[in-house]
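In our numbering, the protein residues as written are 9 to 453. Here a beta-carbon is modelled for each residue, glycine too, at the ideal position from N, C-alpha and C. What follows is a short report on a single structure.
Set out below in structure tokens:
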């Protein structure tokens with residue numbers, strides 16, 4: 009008996025999606041959890057996994073087609089089941105037009121064309137390996153080859169927070185490609201560079217001229233995509249504010265103990281192995297959510313459903329604009345080092361468009377931070393159907409009462425936006441105080 013593989017809902021308000029690539033073909037055996045397709049939402053390209061073991065019988069939708077959530081995309085049969093040859097082809101006359109390889113532009117989705125423009129790849133010279141000769145992300149990256157190493161450092165605009173962090177880590181900001189406004193180097197750029205494994209200097213590669221038509225991607229692709237992303241975010245946030253009665257709390261936490269512990273923890277570690285303050289704050293948030301479980305879960309059908317695990321959503325700013333909030337699964341089970349590694353991997357895949365379906369649809373509480381922008385106070389909007397969002401500001405030096413004296417101490421202001429349907433301010437206050445207590449004993453995290 010066949011099982012239908014359908015267009016999944018990859019977000020709370022997703023109504024439709026565009027199939028970008030098939031990573032399997034009729035006759036291929038697939039396993040539960042295996043990525044078999046890439047789907048484009050208004051926010052990002054997402055790797056979609058199969059929910060079942062089986063064999064691909066038919067691909068029902070062509071790449072480049074936009075369909076509603078729940079639309080069948082493929083049929084999966086049982087392992088060992090014979091696949092009729094006639095049924096193994098996508099029922100569309102557009103699949104193989106011989107003229108496409110002669111004069112017509114190579115088949116490629118807008119996302120792939122945009123990637124080609126960014127990497128300086130002429131799509132006319134790329135042989136597509138996808139369904140019907142369609143050019144895939146992998147084809148473009150293979151054609152682009154290894155990146156050319158700059159021969160001389162450039163003068164870069166650097167945010168003050170990023171400059172301080174780079175100095176701490178011994179990173180030359182002149183070698184970084186800034187992703188901020190106007191190419192400015194941000195704290196996130198420094199953290200990504202710090203997390204990259206050290207490599208031997210690459211051999212010099214002679215720069216190759218890029219044909220003018222390498223930038224021939226439709227000029228409005230990026231603008232259209234960004235507009236669609238802003239619209240999707242706006243719709244979700246508008247729904248949240250309409251349906252969820254928010255309450256807001258803020259609490260300032262002294263971080264001397266946490267930062268002192270972190271310095272000792274990082275002693276002797278390579279740059280790639282060091283833990284950043286963000287990982288300590290996320291770890292404390294995950295543990296606090298287990299101790300105040302009323303903030304961790306979903307509000308569905310008029311009732312709060314607590315989650316047995318903390319799937320910690322992390323707001324990630326995308327280089328092309330907009331943001332996504334993928335989840336670190338079972339973050340409460342990860343120690344600080346494991347959480348740091350998982351965070352680095354998640355951020356890099358989010359910005360490269362390689363998130364999985366489960367990472368976008370299973371968050372139970374979300375954290376957002378604008379600390380790298382120098383913002384001290386963040387009041388976020390809850391991501392439905394979650395019931396709480398934690399905002400983390402930048403770490404600043406402030407006068408702080410220590411016994412009978414006043415001293416300068418590093419502090420951070422943490423906020424919580426809560427859903428009054430699932431709890432009240434007393435509950436949110438318990439969560440923030442618990443978070444504070446955990447950060448005063450970082451060795452127990």
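- The beta carbons of residue 77 and residue 17 sit closer together than 7 Å.
- When C-beta atoms of the region 324-332 are compared with those of the region 279-297, fewer than three pairs fall below 8 Å, so the two segments do not count as touching.
- Here the C-alpha atom of residue 245 lies approximately 24 Å from the C-alpha atom of residue 351.
- When DSSP states are grouped into helix, strand and coil, residue 185 belongs to the coil group.
- In the DSSP annotation of this structure, the continuous segment of the beta strand (DSSP E) that includes residue 406 starts and ends at 404-410.
- As computed with DSSP, residue 396 is found in a beta bridge with 426.
- Residue 364 and residue 421 have their C-alpha atoms roughly 32 Å apart.
- Contact check for residue 397 against residue 388 passes: the beta carbons are separated by less than 7 Å.
- Going by beta carbons, residue 64 and residue 15 fall outside the 7 Å limit.
- Within the DSSP secondary-structure output, residue 311 pairs in a beta bridge with 308.
- Taking the Cβ atoms as the reference, residue 315 lies roughly 4 Å from residue 372, within the contact range of under 8 Å.
- The region 319-329 makes no contact with the region 257-272: fewer than 3 CB pairs, one atom from each, lie closer than 8 Å.
- Within the DSSP secondary-structure output, residue 54 pairs in a beta bridge with 47 and 363.
- C-alpha of residue 129 to C-alpha of residue 30: approximately 22 Å in a straight line.
- Residue range 433-448 is occupied by the alpha helix (DSSP H) that includes residue 440.
- For residue 337, same chain residues with a beta-carbon under 8 Å away, outside a window of 5 residues either side, are 317, 319, 366, 367 and 370 in chain order.
- Looking at the DSSP output, residue 24 shares a beta bridge with 76.
- Close CB contacts of residue 362 within its chain, under the 7 Å cut and outside five residues either way in sequence, are with 55 (chain order).
- Listed as beta-bridge partners of residue 82 by DSSP are 13 and 67.
- Sixteen is the threshold: when 16 or more other Cβ atoms of the shown chains lie within 10 Å of the Cβ of residue 142, as they do, the residue is buried.
- If the five residues before and after residue 451 are omitted, its C-beta is found closer than 7 Å to the C-beta atoms of 269, all from its own chain and listed in chain order.
- Looking at the DSSP output, residue 257 bridges to 424.
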